[in-house]
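Asks:
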Ligand SMILES: C[S@@+](CC[C@H](N)C(=O)[O-])C[C@H]1O[C@@H](n2cnc3c(N)ncnc32)[C@H](O)[C@@H]1O
């Protein structure tokens, strides 16, 4: 068994991990791993109001795909998913509505990746509304979806502490000012969820049957109540031929603690995100690879 643990099983159809590596990744709590504030590669990340860490994404890419596969991110932001895809030897396609962030993603890949990585994989940045752009991608053309969508319109909230800090540094606090195609600008929560599901429906067509989507989100407060955003996504996707396979908690140990609510009411410091992992259960079409 020890020898077996160090080898990639010939029966492994999911990834290129050994038994030992595989088992480690199935633990349902991960510690978020950023680069550290002083790392030179944080320059581009900082220009975006809500990037995730490409090192966490790389773990998802390693687990849910094989080298040479293609990873899709319909909310590319500053390009973290494509950076992770390249470092793991996968191809990537990313869609971003904002022309500015799409352009910064291209520059980021160019700056932060070795030429050899860029040459040995294909990373494609497409600018536009994912609902329209996804229609131009082939059915069953990707092996994994990894993404983090806007968390409704929470970047608009006045008491958002991260927003106040960014404002004081003159950094962007929204994805766009008034672009109605930006999901972060939809005020009605149900309408926002419907727009999000429209994008995931398009992803389902493009994703091969039985392949996975890993969606990184946080729950958030709306006035006094908590919105279970991760649960809403899981519930709605299960209604559309996705199977909920797991929820990993990403513990954000680096976040600052604020005295929200003190001394009159309980208001949580939300120091974790959820990685909602779903499997595409759409029917296999004749020309689809399993
Ligand atoms: C949470 S951010 C993604 C950040 C990304 N994971 C990263 O690390 O940079 C969500 C992104 O979705 C983009 N977005 C919003 N509506 C969109 C749409 N309809 N089509 C494509 N992108 C959209 C926003 O501009 C924003 O950059």
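Residue numbers (the working numbering): 18 to 307. Ideal placement from N, C-alpha and C gives every residue a C-beta, glycine not left out. If you're wondering where the values come from, they're calculated on a predicted model, not measured in any experiment.
Indicate, with yes or no, if ligand 1 has a heavy atom lying under 7 Å from the CB of residue 197.
Replies: No, since every heavy atom of ligand 1 falls outside the 7 Å radius drawn around the Cβ of residue 197.
Asks: What are the boundary residues of the alpha helix (DSSP H) that includes residue 37?
Replies: Taken as a continuous stretch (DSSP letters only), the alpha helix (DSSP H) holding residue 37 covers 36–42.
Asks: Quick check on residue 180: does DSSP put it in helix, strand or coil?
Replies: Residue 180: helix per DSSP, three-state reduction.
Asks: Considering just the uninterrupted stretch of the beta strand (DSSP E) at residue 202, what are its terminal residues?
Replies: Counting along the chain, residue 202 falls outside any beta strand (DSSP E), and DSSP gives it neither H nor E.
Asks: With 16 other CB atoms within 10 Å as the buried threshold, where does residue 291 fall?
Replies: Buried is the call here.
Asks: Under 7 Å from any heavy atom of ligand 1, does the C-beta of residue 114 make it?
Replies: Within the cutoff, so yes.
Asks: I'd like to confirm the pairing. Which residues does DSSP put opposite residue 46 in its beta bridges?
Replies: According to DSSP, which records beta bridges pairwise, residue 46 is partnered with 266.
Asks: Which value, in whole angstroms, describes the spacing of the CA atoms of residue 220 and residue 280?
Replies: Each residue's alpha carbon lies about 45 Å from the other.
Asks: Determine the closest residue to residue 95 out of 164, 232, 42, 30, with distance taken between C-alpha atoms.
Replies: Ranking 164, 232, 42, 30 by Cα distance to residue 95 puts 164 first.
Asks: On a CA-only basis, which of 124, 109, 154 is nearest residue 138? Give me that one, please.
Replies: Checking every option, the nearest Cα to that of residue 138 belongs to 109.
Asks: Can you check whether the CB of residue 235 is closer than 8 Å to the CB of residue 277?
Replies: Cβ distance not < 8 Å, so residue 277 and residue 235 don't count as in contact.
Asks: For residue 68, count the other beta carbons within 10 Å of its own beta carbon; 16 or more makes it buried, fewer makes it exposed. Which is it?
Replies: With 16 or more other Cβ atoms within 10 Å, it is buried.
Asks: Let me check you understand the geometry: is the CB of residue 271 closer than 7 Å to at least one non-hydrogen atom of ligand 1?
Replies: Checking every heavy atom of ligand 1 against the Cβ of residue 271, none is found closer than 7 Å.
Asks: Closer than 7 Å: is that where the CB of residue 118 sits relative to any heavy atom of ligand 1?
Replies: Because some heavy atom of ligand 1 lies under 7 Å away, the Cβ of residue 118 counts as near it: yes.
Asks: Tell me residue 244's beta-bridge partners as DSSP assigns them.
Replies: The partner list for residue 244 (beta bridge, DSSP) reads 237.
Asks: Go to residue 190, then tell me how far its alpha helix (DSSP H) extends in each direction, as first and last residue.
Replies: Per DSSP, residue 190 belongs to no alpha helix (DSSP H) and is neither H nor E.
Asks: Tell me whether residue 197 is buried or exposed, calling it buried when 16 or more other Cβ atoms sit within 10 Å of its Cβ.
Replies: By the neighbour-count rule (16 or more Cβ atoms within 10 Å), residue 197 is not buried but exposed.
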